[in-house]
Amino acid sequence: MRATQDSNPIFLMDSSIAACSWGSVATSQRQVDEISKNALQLPIAELRAFGYRPPPLPRDAPVSGKDIEKSSLDIVVRDGTEIRLAIYKPIGAVSNALLFFNIHGGGWVLGQPETEEAQNRMIALKNKAVVVSVDYRKAPEYPYPTPLNDCYDAFHWCVRNARSLGANPQYILVGGGSAGANLSTVLVLKARAENVTGILGQVLNIPVTCHPKHFPTRKYHYHSYTQNANAPIVDAWKMNWFWNQYLSACDEDVASDPSVSPLLASTKALTELPPTLIQVAGMDPLRDEGLAYGEALKASG
């Protein structure tokens, strides 16, 4: 069922999230290129240590302890492992709030909830929401499907425990960026297939929606992997490297499975998805995957 703008929280997300003063922490492109050009040549442990350094917060980011209450807890997932959830709430009593389940990006290899600290705080404060960001296990040590399973188990934990978090289990948005957006929409596809209720929308920022070897070029005439092959920060070569880490334990045909490439999901499955906000970047190799996914969702009705 398609919700209206008056009834669905995806249409009410505060626009000030995009207005953080990122200029106050800006780094020149030359510096970024110099830092990142050889990063993927490092051993995974060193690369991850580099990638786990939280970025500086913009000047107008909500202050923990003043504007935002942040906590962490460990939950047990299906194989008995404990993973961490970072929880953000506006200061003061919170009950029956929107639950925003966030999955951070990082190519399935890097990152943690604190990588997106400013975003998590801002969403919680400006939307009076409970934000839960999951610190899922990463490839290559834990390739597909472990990151997806961790996220799905964490999501179910949040649904079961929504009331204790101060959230409404029937008032949920799921979102993420890049590889996190991939895990987010696959999670929602899986939840809808299993008749899980409560997900009212998904927020996908620069989503990874299809392995480049299986992108349906005859159906979607887009070429961002070629046009933006040498894009700053994450270029086509780096994106392929991330894919190889994520699918390192899989047969080649897994790359075309909708649990990896949601763009290839059936029309019926896409029809079941809730209202979706997709944001892309014009000079990103992933741009056209997001545009194609938007087309597929529109075509599904």
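UniProt numbering puts the first residue of the sequence shown at 1, with every later residue one more than the last. Virtual Cβ for every residue (Gly too), placed ideally from N, Cα, C.
Taking buried to mean at least 16 other C-beta atoms within 10 Å of its own C-beta, is Leu-73 buried or exposed? Here residue 73 corresponds to residue number 73 of the sequence shown, with the count starting at 1. So Leu-73 counts as exposed.
Backbone secondary structure at Phe-155 - three-state DSSP: Here residue 155 refers to the residue found at position 155 of the sequence shown. Phe-155 falls in the helix class under three-state DSSP.
DSSP puts Lys-70 in a beta bridge; with which residues? One-based indexing of the sequence shown puts residue 70 at position 70. Answer is Tyr-88.
If you draw a straight line from the C-alpha of Phe-242 to the C-alpha of Lys-89, how long is it? As a first step, residue 242 must be located in the sequence shown, where it is residue number 242. As a first step, residue 89 must be located in the sequence shown, where it is residue number 89. In a straight line, the C-alpha of Phe-242 is about 32 Å away from that of Lys-89.
So does the stretch 274 to 291 actually touch the stretch 200 to 209, counting three or more Cβ pairs closer than 8 Å? yes
Through-space distance from Ile-233 to Gln-31, alpha-carbon basis: Locating residue 31 in the sequence shown gives position 31, counting from the first residue. Locating residue 233 in the sequence shown gives position 233, counting from the first residue. Low local confidence applies: a pLDDT of 41 at Gln-31 is under 50, so the model's placement there is unreliable, with the coordinate-based value given in what follows. Their backbone Cα atoms lie some 11 Å apart in a straight line.
By how many angstroms is the C-alpha of Ile-172 removed from the C-alpha of Leu-264? The residue given as residue 264 occupies position 264 in the sequence shown. The residue given as residue 172 occupies position 172 in the sequence shown. One C-alpha to the other measures close to 25 Å.
Would you report the Cα separation of Ala-139 and Gly-166, rounded to the nearest angstrom? On the sequence shown, position 139 is the one that residue 139 refers to. On the sequence shown, position 166 is the one that residue 166 refers to. If I take the Cα positions, the gap works out to 32 Å.
Grouping DSSP H, G and I as helix and E and B as strand, with all else coil, what is Ser-164? If you number the sequence shown from 1, residue 164 lands on position 164. Helix at Ser-164.
Roughly how many angstroms lie between the CA atoms of Lys-190 and Ala-49, to the nearest whole one? Position 190 of the sequence shown, counting from 1, holds the residue named residue 190. Position 49 of the sequence shown, counting from 1, holds the residue named residue 49. Rounded to whole angstroms, Lys-190 to Ala-49 spans 32 Å at the Cα level.
Taking 8 Å as the limit between beta carbons, can you name the residues of its chain near Tyr-137, skipping five residues before and five after? As a working note, residue 137 is residue 137 in the sequence shown. A quick correction: the sequence has Arg, not Tyr, at residue 137. Here the set comprises Thr-81, Ile-83, Thr-146, Pro-147 and Asp-150.
Taking just the CA atoms, how far does Gly-107 sit from Asp-294? Taking the sequence shown and counting its residues from 1, one reaches residue 294 at position 294. Taking the sequence shown and counting its residues from 1, one reaches residue 107 at position 107. Going by the sequence as given, residue 294 is Gly instead of Asp. Spanning the two alpha carbons is a distance of roughly 21 Å.
Report the partner residues of Ala-236 according to the DSSP bridge assignment. Locating residue 236 in the sequence shown gives position 236, counting from the first residue. Looking at the DSSP assignment, Ala-236 forms no beta bridge with any residue, so it has no partner.
Which residues does DSSP pair with Gln-279 in a beta bridge? Looking up residue 279 in the sequence shown gives position 279. The partner list for Gln-279 (beta bridge, DSSP) reads Asn-205.
Supposed close pair Leu-247, Tyr-144 - CB separation, criterion 8 Å: Numbered from 1 along the sequence shown, position 247 holds the residue referred to as residue 247. Numbered from 1 along the sequence shown, position 144 holds the residue referred to as residue 144. The pair is a contact, with the Cβ atoms about 6 Å apart (cut-off 8 Å).
If we count the other Cβ atoms within 10 Å of its Cβ and call it buried at 16 or more, is Arg-121 buried or exposed? Here residue 121 refers to the residue found at position 121 of the sequence shown. Counting Cβ neighbours within 10 Å, Arg-121 comes out buried, since at least 16 surround it.
From the DSSP output, which residues share a beta bridge with Leu-183? The sequence position of residue 183 within the sequence shown is 183, counting from 1. DSSP, once it has assigned bridges, lists no residue as partnering Leu-183.
For residue 322, which beta-bridge partners are listed by DSSP? This structure gives no information on residue 322, because the portion of the chain shown stretches from 1 to 301.
Endpoints, the alpha helix (DSSP H) within which Ala-124 is located: As a first step, residue 124 must be located in the sequence shown, where it is residue number 124. That run of the alpha helix (DSSP H) goes 117 to 126.
Give me, in chain order, the residues of the same chain whose beta-carbon lies closer than 7 Å to that of Leu-183; leave out the 5 immediate sequence neighbours on both sides. What you label residue 183 is simply residue 183 of the sequence shown in a count that begins at 1. Sequence-distant partners of Leu-183 (beyond 5 residues in either direction) whose C-beta falls short of 7 Å from its own C-beta, in its chain, are Ile-103, Pro-147, Leu-148, Cys-151 and Gly-176.
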